[in-house]
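Numbering (the working numbering), first residue to last: 4 to 137. Below is one structure, written out as structure tokens; the observations come after it.
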């Protein structure tokens, strides 16, 4: 089964700039150019025969166009023992609204979605247990 998420593609020039923050940090697994994106909803494993239904459900989103800026860096976990190092986006409200719409549409269509707090971000690196400080 494929792991599925719905997200926003990042402009190539922004991806190039984000790649420049990479530095040697113990156990950092830096994202590659093609991996940089803004996740809106993570669904995990989805049966291949359900992908069309998922696409149809997500197609019900209605939002006016909006612009985002990459805004700041942060981490999940403490800076001394990070789990994820990320770049933020602003304004967050438009992305949160889009996330909520997608969650509602997907749940109504019978999909299970993560229900953890949503913080719009672009993952730059993931860390193992022996992470160095960021």
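C-beta: ideal position from N, C-alpha, C; glycine also. Being a predicted model, the structure only gives us computed values, none of them experimental.
Continuous beta strand (DSSP E) stretch holding residue i: start and end
i	result
residue 99	Unbroken run through residue 99 is the alpha helix (DSSP H), 95 to 111; no beta strand (DSSP E).
residue 44	40 to 48
residue 71	Looking at the DSSP string, residue 71 is not in any beta strand (DSSP E), and its letter there is neither H nor E.
residue 32	31 to 33
Chain-order list of residues whose beta-carbon lies under 6 Å from that of residue i (same chain, five-residue window excluded)
i	result
residue 93	72, 74
residue 109	60, 116
residue 11	41
residue 76	90
Pair within 8 Å by beta-carbon distance, residue i and residue j
i	j	result
residue 64	residue 57	no
residue 43	residue 9	yes
residue 29	residue 107	no
residue 87	residue 122	no
residue 18	residue 39	yes
residue 101	residue 53	no
Where the alpha helix (DSSP H) through residue i begins and ends
i	result
residue 21	15 to 22
residue 56	54 to 61
Per DSSP, cross-strand counterpart(s) of residue i
i	result
residue 88	78, 128
residue 12	40
residue 7	47
Reference residue i, options the options, closest by Cα
i	options	result
residue 51	134, 6, 97	6
residue 89	137, 99, 55	137
residue 104	27, 62, 37	62
residue 120	111, 99, 31	99
residue 114	95, 82, 55	55
Cut-off 7 Å between Cβ atoms - residues of its own chain near residue i, not counting five sequence neighbours on either side
i	result
residue 25	33
residue 69	97
residue 126	34, 87, 89
Sequence-distant residues of the same chain with beta carbon closer than 8 Å to residue i, five excluded per side
i	result
residue 35	none
residue 78	85, 86, 87, 88, 89, 137
residue 21	13, 39, 73, 90, 125, 127
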